[in-house]
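Protein chains in written order, with my numbering: chain E, 66 to 1065; chain P, 32 to 158; chain U, 178 to 486. All residues carry an ideal CB built from backbone N, CA and C; glycine is no exception. The model shown is predicted, which means the values in this text are computed figures rather than measured ones. Note sheet for the following structure.
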Amino acid sequence: MGLKQEEILLSNNSINSNVGEIPIDKQKLAAPIKSALDKYQLVPEFLKVRGLVKQHLDSFNYFVNTGIKKIVCANDMIVSDVDPVFSSGLKMYAAPILVNIEYTQGSRGVKMRAEKNDLVIGRMPIMLRSCCCVLYGKDEAELARLGECPLDPGGYFIIKGTDKVMLIQEQLSKNRIIIDADKKGNINASVTSSSEATKSKTVIQMEKEKIYLLLNQFVKKIPIMVVMKAMGMESDQEVVQMLGRDPRYSALLLPSIEECAGINIYTQEQALQFLEAKLKRSMYADRASEKEGRALSILRVVFLANVPVRSDNFRPKCLYVAVMLRRMMDAILNKDAMDDKAKQVLRCHRSYLFKNSRSLRKHKRLCGEQASGAIWQLISLLFEDLFKTTITEVKRHIDTVLSKPSRSSALDPSLFLRTKEIITGGLERTLSTGNFDIKCFRMHRKGMTQVLARLSFIGTLGYMTKIQPQFEKSRKVSGPRALQPSQCYSLGVEDLELLSGEELHTPNSFLVILNGLILGKHRRPQHFAVALRKLRRAGKVGEFVSVFVNEKQLNKSVVVVYVGVRILVILKHICLRVVGMHIFWKLFDVELYLCADQLCVYIASDGGRVCRPLVIADKGISRIKEHHMKELLDGVRSFDDFLRHGLIEYLDVNEENNALIALYEGEATPDTTHIEIEPFTILGVCAGLIPYPHHNQSPRNTYQCAMGKQAMGNIAYNQLNRMDTLLYLLVHPQRPLLTTRTIELNATVAVMSYSGYDIEDAIVMNKSSLDRGFGRCIVMKRYSGVIQKYDNGASDRILRPQRTGVGSEKMQILDDDGIAAPGEIIRPDDVYINKQSPVITRGSRITSAEPLPDKVALSSDRNENPCIKILIRHTRRPEVGDKFSSRHGQKGVCGTIIQQEDFPFSERGICPDLIMDPHGFPSRMTVGKMIELLGGKAGVSCGRFHYGSAFGEPSGHADKVEAISETLIKHGFSYNGKDFLYSGSAAYALSFSLCPFLGS
Amino acid sequence: MEHGSFGDESVATFSLNEEDHTLANAVRFTLNQDPRVRFCGYSIPHPSDARVNVKVQTTGDPAKEVLKDACQDLMQMCEHIRNTFDKTVGELKASEAVKKKNSHSQEKAMDIDSQESDSESEESESN
Amino acid sequence: MAGQEEERGDTKKKFSIFDLPDVPMGQLPDHLQLHRTRVLCNNDAPIHTESVQYSGAYATVGVDNSLRFDHFRNNFRVEVVRLTEEDMEFDMVGIDAAIANAFRRILIAELPTMAIEKVLIANNTSVVQDEVLAHRLGLIPIGVDPRHFEYLSENDQPNERNTIVFKLHVSCKRGSPRITVKSDELKWLPNGSELVKESTPSDSASKPETYTSFSCSQETIPEFAKNPIAPKYPDIIIAKLGPGQEIELEAHAVKGKGKTHAKWSPVATAWYRMFPEVVLLEEVEDDLAEELKSKCPVDVFDIEDLGKG
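So this is what it looks like as C-alpha cells:
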C-alpha cells in the first residue's frame, strides 16, 4: 500500500506551480542568496515525480491491477454441493468488471467443459486520473480539449454526480510490538498482526504480577507459560534463558511459572488440552483444524499471525513471545521506561502509526482483527465481501436449479452472475455514504468518504490530503485544540525531538527486525545500518527503505535470541526481499528501518509510513552543490537523478530519530547528517497559506487551516463548464500582496473602532467598494429533473409552455422546448421545466431573488432516462451578515455597510474597504496578521509582492519586519504602519489607525 | 418637522429627512457660531434611516428663527466660497493661459452651492 | 479649529500662529490658543482633534468665538496648487473643517453624473457572465455634462432628455486570435434604442416600438452636436473574447448620484487634510541637522545658514 505521504508535507508548492507563481519565485528567490545553496527548485521537481495525491492514485491503481485479481483468484471456485464443479477465472478489470467463466458439468460420468468470456459482474467506480481513467497520461493540452482542468489533481471518485474522496486513515502500524499501559496500570504488550491470510491482535498482559495472553479466540486469559508449553517449550529453563540471564527477569517470570505449575500443566499435550477447554465456540468449524485440535491450529494461524510457522516449527513464535515478554519487563524494570510510559506510548504511536481506524479505543478489540488502511485495502475488503456474497448467491441459485429433479435445459451459471447487481450497488452505496459495513470482516465504520468540497482549490487539495486521525480529539495527550504529534508534518509543528542527535555507543548486540519480523542478530548494528544505507543510496535497495538504529538504552544484559543466520546472509536476504518486493509490487514502496530502543535494528519495508526526502550531508556539508542545481534548472538532472546519485534520500519517522537534520544549510554542524530541502515544506496545504504563521498563536493557525477551505476563489480552469450542485466563485479574484500562495482578495483595511457596528469581530464595509465590485461572488446551483419512464410504459414528457391563459405568467422564462432559457431572469415561482407526469402536471419551482439560468444540460442517467440539468447562477454582492476572514483564523461577519463619504480617509485620500475592530488582536495574539498588514502596505507602496511564509525569515526568503518598515518610511509612511485618519462624517481627525492592505 | 417642547420656543429638535452629516455638520457649525445659541447638536437616530435630528437650544430667541439664520449664513458662506473659487480659478487660467477647460471643478463648485440651497429651502419648508 | 484648510493638497507654507486671521482682539492663553487652532500629533494618538465651535467657549477669558461673516468674507481665500483636466489641488484658507468636509462629501456622493444603469443583452457568449459584464459597463465614466439631462423616475419613458443609449457589438471570428473589448467599442446611438420590444403587436404601419421613445435625435440638441457622447476613456477593458465568441448589447445610461451607487460618483476620490506644521523643539545644528535632513524621505527639512540667526 504505497501510501507515501510525504506529498502532504510538500504540498504547498504544487499550489505554487498551479497558480503559476514559480517563474517569479524562482527569479526572486534564487537571485539574492549566494551563501546558502538554494534548493527550492527541488520541491516542484519532487512534486512532479510524486504529486500531491499520488497516494490515492497509486493505491487505486494497485487495487485495480493486482488486488482485485488476488481476491477473485482466492475465491475462484464455486463448488455446488449438489453435483458439478464450476470455476471461474478472471480476465481484466476496468469500469465493467469482467470475468471468464469456465464450468465443468459432470453428468452421467461424462465431464463437459464450457467457457464464457468477458462476463460483466459489476461496475467499478473509477478514481479520476488513475490508470483506468480516460484522463490518465493526458497532457495539459489534451485535458483542456476534453474540458478538464489540467490542475485538477484527480484521486477522487465521482459517484452519482458528486465528488467523493476517501480519506487516508491513520492506523497503528502492523506487526510491531507496542508497550502500553491500560487504565488499571497493567502493562500490555500488543501486536497487531497482519499477514495475507490472517489478521489478528495478540495482547500479552501482566496482571497481578502474572503474565497472561489475551486472544479473541479464547474465552479467558491464558497464562503465558501454558502457551509456551503448548508451543513445545516444555522446559521452564528454556523460557527463562530466552528472556536473558539477568535474575530480575526470571524473578518477574516466576509467578507465572508457579501458576502454570499450580494447574498441573507440564507437557505440551496437557497445555493443548487446557487451551482446548478455553476455546470460544466457533460457528465456522474447520475440518482441517479438527484433526489436530483447534487450539494448536489457532496458535499456528491466529496467535502472532505475522510470524510464520513452517513445518510445525513453533520456535520463531516462541522467540517472538520472548521478545515481547522481555520488552514488557524492561518497561517494568527500567524506571525511565516507566516514567516515560506516557511518552513512550505517544512515541510509539507517532512512529508506528499510520492510517486506519477512526476510533481505536472504541474498536480496540475489533480493530485487531481487521487490517485496513489504504484505499485499496478498504476497497478490496469491500469488494471481497461483495464478491463473496455474489458467489454465495450464485451458488444458491445453482443449487436450487441442480436440485430440481428434472432439468430441461443445460445450466448456464453466467445467468446468475449479474442478477442482483450486488457488486455495483454495493460499491456505489458504500462510497457515496462513506459507511463501510463489511459483514464478513465485522467492520463497521462511518465517514470513510467525504464529499469533495469544491469551494476552493485549496479546500479541495486539503480534503485530498486529509488524514483521518486515529484517536478521538478528547484523548488526554492532545487537548481538543492541540495538534496531534503524529500529524506534525501535515499541520505544521516541527517536532524538536527530530533535531536532537542521539549519542552513539557500542551496543552489545542487536536484533534485526524486518517489518516486525525477527530475522536475526547482529553485533555491529552501525556497520549494518551504514552498509544498508550505502546500498540504498547506490540504488541497490528500494529508495523508501529505512534503517533505524536505536541505541538509547544501554542495557548490559544481552537479549539471547539467536536465529543463527549470518550477517551477510541477512543482508542478502533483506536485499533480495526488498528489491524483490519493490519490483514485484511497484506500489509497495519498500522501506527498511533499523531500531534499537530495545537493542534492535528495525528494517521496515512495509507501506504507509510517512517518508520525506532530505538532502544528505557529509559531516555537515550538503551533498548538493551549485552545479547540481544548475543542472536541475537546465533540465539535465531530474529529481530521480538526485535520488539515484545519492544526493537525496527518503527518511521515515523512525530513521529520522537516527538522523540530525538541519533546518537550514547554515545551521549544519559536523554532526548533521541531513538537511531539509526547504523548511516550509513541513507545512501542509492549508497551513502553508498563512503568512507569518510562526508569529501567531497556534490555535489561530489551526482555525485558519479549517477556514482556508471555505474560502472562495477560482476552483479550476474549467469552473464555468462544470455542473456542480453548488459552486461559489469570486468575480474578481486577486493575488495576495503578501504572497504565500492562492488567489484571494486584497482589501484596504483600517484597524480601528468605528461606529459600534464592529464589535465582536464584526466588520464595517465600504459601500462604494462593494459598488465597485469588492467581494462580489457568483453562486451556482444545480437543479435537475429526470424524465421518468414508468412500468406501465408511460413516461414523463416536457410540453411547450402556455403563452397565454392561466399559469402563463409563471412560464415566461421557458423556451419553446419547455425548458428555461439561459440568461432569463427568474422571478419567484417561475417554472423552469414544464414537465408532465402521467398523473399530474407539475413544474419544478424555485423561489429566490433574481437568479438566472446559466446553462442547461441534457443528459441521461444510468437507466437511460433523459435528464435535464439546469445550473442557476446568482451573482451577489456582500451583504450584512456575510462572513469574511483573513488568513489568520480571524473571521467576522459584516456588521454594517457604510457609504464611502462616511468612511474615514487618510491624509493621502485613501479610504479603506473595510474596518476591523482592534479588540480582535490582543486576545487572539495574531501578530502574524499585523505583519501581514504591514507587509501588504509596503507591498502596495513599492509595487512589489512581499513574501511571508513560515521559516522564510532565517533563510532570507521572507521579508522581515525591519525591511518592511524601511520600505514604509521610504514611501513616507510611519514605520509602524499607522496612519492619520480623518472622520468622514463629522469634521475632525481620528486617532491613528493601521491603514494597510491584506488578503481577506 | 419639528418636535420637542411646544411651550418653549427656544428649544426645538428639527428632523430633516433625506439628509445626513453633510448638511447637519455644516449647520451645526454655523449654529454654534451664533451667539444666540446656548446648545446645538445633531444625531442620526438609525443608520438605515435617511434622517437627521438637529437639536437647538437658544438663549431666548425662537429656535426656528435661529436655525433659519444659520442656514442663511451657510448659504452666504457657500456663495462667497464659490465666488472666491471661481475668481481664483479664472485668474489662474488667465494668468497661466491654461488652455484646457476646467469645467470639471467649476461644475462641482456650482453644484455644491445649488445643493446647499436646495437642502436649505427644503429644510425651511419643513419648518 | 485649524485656521486653514487644504483640499486635495500637500503644499507647505511658512506659518505662524499670530498670522491667523481669526485671532480675536483679546488674546487667549497660549495653551488654549494651541488647543483651538492645532491638532497635535502625539506619538500614540493625536489630541485636540475636535474643533471648538461653540461661540461662547472662551467667554470667561473675554474672547468671542463666534463667526463674523464679514470677517470670514475678508479673510477667506483660495489658492490653486495644481490644476489639470483630471486632477485639482487647492488650498482654502480661513474655513472650518466642517464646511470643507461638507464639500468633500458632496463631491463624492451628491453630484449627479451619467452612468450606465440598464444593459439589454442580446447575445453574450463570452466567459464574462451577463451581470458581471453589466457591472463592468456601469463603472465606465461617460464624458457628458449631466446638467443637460433630467433624472429618469420610475414612471418615465426613457427619452432623449434622460437616457443615453450605447451599443456594443463585437465578435471574434473563429480562427483569429482572441481580442480585447475596450470602452471605445461602445457606440453612441443618438436616436435611441434599436432593439425592438417583442411584446408589441406587430403593427406594420407604425414604427416598431423599442425600449426607448426618443422624440428627436440627440444629435440635434446643440450641446451634443459638436461633442458626440462617448466614454471618457477609450482604453478601459470591458471583456476579452476568444475565437467564436460574441457580445451584442445595448447599454442605457441615466442620471444618478454617488449616494445610490459609486458608479455615479463624479470623483475617483476627494479628500481634505489639515495644513501640516512641523515645529522643532530645539535648534538642530551641524551634523545632527544633516542627519535630520537625510532622515526625512519627503524632504521636509532644509538647512539654514546660522549666521542670520
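Taking 8 Å as the CB threshold, H52/P lines the interface with chain E. One thing to note: V58/P has its Cβ within 8 Å of the Cβ of C102/P. In the DSSP assignment, C109/P falls within the alpha helix (DSSP H) that extends over A94 to E127. In the DSSP assignment, E294/U falls outside any alpha helix (DSSP H) and within the unbroken beta strand (DSSP E) covering P289 to N301. Taking CB atoms only, P66/P has no neighbour in chain E less than 8 Å away. Cβ contact annotation for F839/E (same chain, cutoff 6 Å, sequence separation greater than five): D978, in chain order. N242/U is positioned such that its CB atom lies no closer than 8 Å to that of N56/P. Judged by DSSP secondary structure, T1032/E falls within the alpha helix (DSSP H) whose first and last residues are V1026 to K1035.
Counting only the Cα atoms, V444/U lies some 9 Å from E263/U. Comparing C-alpha distances from V477/U to each of E459/U, D463/U, D464/U and P453/U shows the shortest one belongs to P453/U. For the stretch 78 to 111 of chain P, residues whose beta-carbon sits nearer than 7 Å to a beta-carbon of chain U comprise D104, Q107, M108 and H111.
E341/E sits close to A360/E, with the two beta carbons spaced by under 8 Å. The three-state secondary structure of K472/U, taken from DSSP, is helix. For H248/U, the secondary structure class from DSSP, reduced to helix, strand or coil, is helix. Under the DSSP assignment, N48/P falls in the beta strand (DSSP E) whose first and last residues are V42 to N48.
Any Cβ of chain U closer than 8 Å to the Cβ of N48/P would place that residue at the interface, and such an atom is absent. Rounded to the nearest whole angstrom, the CA to CA distance from I136/E to L492/E is 15 Å. Straight-line measurement puts the Cα of L447/E at about 27 Å from the Cα of T465/E. F222/E and K229/E have their C-alpha atoms roughly 5 Å apart. Proximity of chain P to F249/U at the Cβ level (cut-off 8 Å) is accounted for by M108 and H111, in chain order.
One alpha carbon belongs to N500/E, the other to T131/E, and they sit about 24 Å apart. Judged by DSSP secondary structure, E308/U falls outside any beta strand (DSSP E) and instead within the alpha helix (DSSP H) spanning D307 to G315. Exposure of E400/U is indicated by the presence of fewer than 16 other C-beta atoms within 10 angstroms of its C-beta. The closest CA to that of D333/U, considering only K374/U, M451/U and T389/U, is found on T389/U. What C976/E touches in chain U, judged by beta-carbon distance under 7 Å, is T446, going in chain order. Close CB contacts of R941/E within its chain, under the 7 Å cut and outside five residues either way in sequence, are with C842 and V844 (chain order). Taking a beta-carbon distance threshold of 8 Å, Q334/U does not count as an interface residue toward chain P.
Residue contact check for F45/P against chain U: no CB pair falls below 8 Å. Nearest Cα to E427/U within the set V461/U, R355/U, T357/U and T340/U: T340/U. Of all residues in the stretch 399 to 411 of chain U, none is placed with a Cβ closer than 7 Å to any Cβ belonging to chain E. Its chain contains D307 and I424 as the residues whose beta carbon lies nearer than 6 Å to that of N301/U, once the 5 sequence neighbours on both sides are disregarded; these appear in chain order.
For S860/E, no Cβ of chain P is located within less than 8 Å of the residue's own Cβ. For the pair of segments examined, the stretch 278 to 291 of chain U was found not to touch the stretch 362 to 375 of chain U: the number of CB pairs separated by less than 8 Å stays below three. Here the alpha carbons of V296/U and A311/U stand approximately 6 Å from one another. Fewer than three beta-carbon pairs drawn from the stretch 402 to 418 of chain U and the stretch 931 to 940 of chain E are found closer than 8 Å, and the two stretches are therefore not classed as touching.
Within the stretch 220 to 233 of chain U, those residues whose Cβ lies closer than 8 Å to any Cβ of chain P are, in chain order, Q230, Y231, S232 and G233.
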